[in-house]
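Top line first, the protein sequences correspond to chains L and H. With the numbering used here, letter number 45 in the first sequence gets 45, and the count goes up by one each step, no holes. For the numbering used here, add 1000 to where a residue sits in the second sequence, where the first one is 1. All C-beta atoms, glycine included, are put in the ideal place defined by N, C-alpha and C. Because the structure is a prediction, the values reported are computed rather than measured.
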Amino acid sequence: MTIKSEPFVVNIGPQHPSTHGVFRLRLTLDGEKITDADMVVGYLHRSMEKLAEERTYTQNIPFTDRTDYLSAMTGNLAYVMAVEKLMGIEVPERANWLRMMMAELQRIASHAMATGIFANDCGAWQTPVMHMFRDREKILDLFEMACGARLTLNYMRIGGVSKDIPPEWLPKARELLKELPKRFAEYEDLLLNNEIIIARSRGIGVLTPEQAIAYSLSGPMLRGSGVAWDIRKADPYAAYDKVDFDVAIGRHGDVYDRFVVRLAELRQSLRILEQAVEMIPDGPVHARLGAATVQPWGQAVAPLAFRPPEGEVYARIESPRGEIGYYLVSDGGPAPFRFHIRSPSFINLSALKEMSIGATVADAIVILGSVDIVVGEVDR
Amino acid sequence: MTKQLTGLEVAHRIEERFPGSVEEAVPEYLMIHAEKLVEVLTWMRDDEELWFKFLSSLTGVDWIDWFEVVYHLESFKHNHAIAMKVRTWDRDKPAVPSVTGVWPGAHFQEREAYDLFGIVFKGHPDLRRIFLWEGFAGWPLRKDYLNLPGGEMPGLERFPGEPGVELSGRGTE
Chain L
1 MTIKSEPFVV
11 NIGPQHPSTH
21 GVFRLRLTLD
31 GEKITDADMV
41 VGYLHRSMEK
51 LAEERTYTQN
61 IPFTDRTDYL
71 SAMTGNLAYV
81 MAVEKLMGIE
91 VPERANWLRM
101 MMAELQRIAS
111 HAMATGIFAN
121 DCGAWQTPVM
131 HMFRDREKIL
141 DLFEMACGAR
151 LTLNYMRIGG
161 VSKDIPPEWL
171 PKARELLKEL
181 PKRFAEYEDL
191 LLNNEIIIAR
201 SRGIGVLTPE
211 QAIAYSLSGP
221 MLRGSGVAWD
231 IRKADPYAAY
241 DKVDFDVAIG
251 RHGDVYDRFV
261 VRLAELRQSL
271 RILEQAVEMI
281 PDGPVHARLG
291 AATVQPWGQA
301 VAPLAFRPPE
311 GEVYARIESP
321 RGEIGYYLVS
331 DGGPAPFRFH
341 IRSPSFINLS
351 ALKEMSIGAT
361 VADAIVILGS
371 VDIVVGEVDR
Chain H
1001 MTKQLTGLEV
1011 AHRIEERFPG
1021 SVEEAVPEYL
1031 MIHAEKLVEV
1041 LTWMRDDEEL
1051 WFKFLSSLTG
1061 VDWIDWFEVV
1071 YHLESFKHNH
1081 AIAMKVRTWD
1091 RDKPAVPSVT
1101 GVWPGAHFQE
1111 REAYDLFGIV
1121 FKGHPDLRRI
1131 FLWEGFAGWP
1141 LRKDYLNLPG
1151 GEMPGLERFP
1161 GEPGVELSGR
1171 GTE
């Protein structure tokens, strides 16, 4: 008697703890080996690009929080930078430093989540992620102090930031910066040389530097493959040209290297913040715009609606997940004619098939974890 | 700092190599004729002086009279960037060549542009809708696809709060 074998299709998701949101993965298997991988997305598609076409430039800022909700600051920043580029607005120095500090705090919070959840995928069920939530919590407290919100922050404004930090913010931040190195040492002790994590992630999902570039990957996915490309260095925005930091890169391009790059970036963000709390200058936090309205507490903010000149811009920054870019086309009206978000989570998924073929189902979970997707940003 | 190459700088080099391929060259972008697109972009990827190995973003724009596909290219080696465009005038069956052969990273982004604009990318290996389901009626990001039933409401041609428009309702108190 002969035993017939046929390819077997496994559905993972949309509701599954390791898909990091409503994301569905269809794997075709030959025994344990993956022969084809297809992703099904769109469960969270809100068509922000269409909605933004009938809202003013200022009204669109909250949308950018809700794309990458684990890193709202960088979403805000990329968008307001695109509008500023379109209108030719110069941002005051203090606002630039505040933007950089908030973006780096957000990077720590986001990478802490990413590495914690990745450890979850490797089997360290919930313990590392709880450790990291503890530290993320303190960063969210700082955000709450600065702008009143914790997750969807809506802090950046066209021409600056919504309000200056209160006087007790900097001491509180310094306190946190003293505490974080101990925490990071703890993570590194627990996770970096962890036998299970190494066994699960070394040599899996390997991408060569050429492949990483060809697949348009960015962020830790690209740097994990050994390409030293960081927009903070290559095209400095905010105040990144005034601080000293290094770009972390991996050597083998596997899942483990991406994880190590994220852990190393925590240290670099800390380094930037330590310099920033000492160097931040005084001054206004919002540019004076032509028809700016003055709020009761004496602060100038961008008017609700204005008409930028005709033209198109593409502005991009380095978010925790990679290059987040905003492509805006203005026809001279009060709302953008076209509003496109180049989201790193979505584009980083293009290499998922390449990485998964030949791996096992258990590896597919770890590979997906190493991409670090936020489904709000994949679907927009 | 990343140097933003203007369309004019690159246009004459492309025109030398591929005569008649440049449709429009302005400081912001460079527009290529659709039939020469893949050739030109492949050359731009492999040329040592341009080295555009990274496709940063690909997206469509509906200009009502025509559709455009915009490519933002970046070179890590020389740290410069450029915006390229291609245009299609056919509103019923818009089609441009696919660049998945040049950059595999275009795969999902072309599927996205097809899903939301209905632009067909000829030569794409697996052109299906990505966010919306097969059978969804219409192409949401086209300008004639309105999300308010009945179209724009009278009186909303200008936004409330714009200079010269009085705020009405609760805002005035």
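Got a sec, what are the start and stop residues for the beta strand (DSSP E) R1087(H) sits in?
1080 to 1088 is the extent of the beta strand (DSSP E) around R1087(H).
Assuming I12(L) is part of the beta strand (DSSP E), what are its boundary residues?
Where I12(L) is concerned, the enclosing beta strand (DSSP E) stretches over 8 to 12.
Is M101(L) closer than 8 Å to A276(L) when the C-beta atoms are compared?
M101(L) is positioned such that its CB atom lies closer than 8 Å to that of A276(L).
What does Q1004(H) pair with, by DSSP beta-bridge criteria?
According to DSSP, Q1004(H) bridges with A1081(H).
Opening and closing residue of the beta strand (DSSP E) in which T28(L) lies:
Unbroken beta strand (DSSP E) run through T28(L): 24 to 30.
Can you grab the Cα-Cα spacing for the pair I367(L) / I373(L), in whole Å?
In this structure, the straight-line span from the alpha carbon of I367(L) to that of I373(L) is close to 11 Å.
Taking the continuous beta strand (DSSP E) assigned at M101(L), which residues delimit it?
For M101(L), there is no enclosing beta strand (DSSP E); the enclosing alpha helix (DSSP H) covers residues 93 to 122.
I'd like the ranges of any alpha helix (DSSP H) spanning at least 4 consecutive residues and lying wholly in the region 186 to 262 of chain L.
Whole alpha helix (DSSP H) segments, 4+ residues: 195 to 201, 209 to 214, 220 to 224, 231 to 234.
Report yes if the C-beta distance between F1108(H) and F346(L) is below 8 Å; otherwise report no.
Against a cut-off of 8 Å, the Cβ pair of F346(L) and F1108(H) comes out as a contact.
Which listed residue (K233(L), L151(L), Y256(L)) has its alpha carbon closest to that of Q268(L):
Comparing Cα-Cα distances from Q268(L) to each of K233(L), L151(L), Y256(L), the minimum goes to K233(L).
Limits of the alpha helix (DSSP H) - the one that G75(L) falls within
G75(L) -> alpha helix (DSSP H) spans 72 to 87.
Mind checking if R338(L) is an interface residue toward chain H, Cβ cutoff 8 Å exclusive?
Look at R338(L): its C-beta is under 8 Å from a C-beta on chain H.
Run the CB neighbour count on Q15(L), radius 10 Å, all protein chains shown included, and call it buried at 16 or more, exposed below.
With fewer than 16 Cβ atoms within 10 Å of its Cβ, Q15(L) is classed as exposed.
Would DSSP call L44(L) helix, strand or coil?
DSSP places L44(L) in coil when its eight states are reduced to three.
Determine the chain H residues that contact H45(L) at a beta-carbon separation under 8 Å, and present them in chain order.
By Cβ distance, chain H contributes F1131, L1132.
Selection from P1094(H), L1132(H), I1014(H), G1105(H) that minimises the alpha carbon distance to V1069(H):
Taking only the C-alpha atoms, the option nearest V1069(H) is P1094(H).
Contacting residues, own chain, Cβ-Cβ under 6 Å from Y79(L) (five flanking each side not counted)
Listed in chain order, the non-local C-beta contacts of Y79(L) below 6 Å within the same chain comprise T64, Y326, local neighbours out to five positions each way being set aside.
Could you give the distance in angstroms between the alpha-carbon of G1155(H) and the alpha-carbon of R150(L)?
Confidence at G1155(H) is low in this model, with a pLDDT of 49, below 50, so its placement is unreliable and the value that follows should be read with caution. Computed Cα separation, rounded: 37 Å.
If you measure from the beta carbon of G253(L) to each beta carbon in chain H, is any gap under 8 Å?
At least 8 Å separates the CB of G253(L) from every CB of chain H.
Using 8 Å as the Cβ pair cut-off and three pairs as the minimum, do the region 131 to 151 of chain L and the region 94 to 110 of chain L touch?
Three or more pairs of CB atoms, one per stretch, sit closer than 8 Å, so the region 131 to 151 of chain L contacts the region 94 to 110 of chain L.
Quick check on R1013(H): does DSSP put it in helix, strand or coil?
Three-state result, R1013(H): helix.
Using the three-state DSSP reduction, which class does R316(L) fall into: helix, strand or coil?
In the three-state DSSP reduction, R316(L) falls in the strand class (E or B).
Taking only beta-carbon atoms, is S1057(H) less than 8 Å away from chain L?
With a threshold of 8 Å between beta carbons, S1057(H) makes contact with chain L.
Candidates H1072(H), W1063(H), R1091(H), of which the one nearest M1044(H) by Cα
It is H1072(H).
L25(L) and A364(L) - do their beta-carbons sit closer together than 8 Å?
If you check the CB distance, A364(L) and L25(L) come in under 8 Å.
Contact check, V388(L) vs R223(L), beta carbons under 8 Å:
Residue 388(L) cannot be examined here, being either before or after the span of chain L that is shown, 1 to 380.
Taking Cβ positions, are G1007(H) and V1026(H) nearer each other than 8 Å?
In contact: G1007(H) and V1026(H) (Cβ atoms closer than 8 Å).
Can you tell me the Cβ-Cβ gap for A315(L) and N96(L), rounded? I've got them flagged as a contact below 8 Å.
Rounded, the Cβ-Cβ distance is 14 Å, inconsistent with contact.
Ordered along the chain, which non-local residues of its own chain (more than five positions away) have a Cβ less than 6 Å from that of G1151(H)?
Bear in mind that a pLDDT of 49 at G1151(H), under 50, signals an unreliable position, so the model cannot answer this.
List the residues of chain H whose Cβ lies closer than 7 Å to the Cβ of W229(L), in chain order.
Neighbours of W229(L) on chain H, chain order: F1076.
Assess, as a yes-or-no matter, whether the region 243 to 252 of chain L is touched by the region 1082 to 1091 of chain H under the definition of 3 or more beta carbon pairs within less than 8 Å.
Too few Cβ pairs lie closer than 8 Å, so no.
Please state if the CB of A335(L) and the CB of R55(L) are separated by a distance shorter than 8 Å.
Yes, they are a contact pair.
Y1114(H): first and last residue of the uninterrupted beta strand (DSSP E) it sits in:
Note, Y1114(H): premise wrong, no beta strand (DSSP E); alpha helix (DSSP H) at 1106 to 1117.
Within its chain, find whatever has a CB closer than 6 Å to the CB of L1058(H); leave out the 5 residues flanking it on each side and keep chain order.
Within the same chain, and ignoring the five residues on either side of L1058(H) in sequence, the residues whose Cβ sits closer than 6 Å to its Cβ are Y1071, A1106, Q1109.
List the whole-angstrom C-beta distance separating A305(L) from G159(L), where the pair is believed to meet the contact cut-off of C-beta under 8 Å.
Wrong, their Cβ atoms sit about 14 Å apart, outside the cutoff.
Does the beta-carbon distance from M81(L) to I280(L) come in below 8 Å?
M81(L) places its beta carbon 8 Å or farther from that of I280(L).
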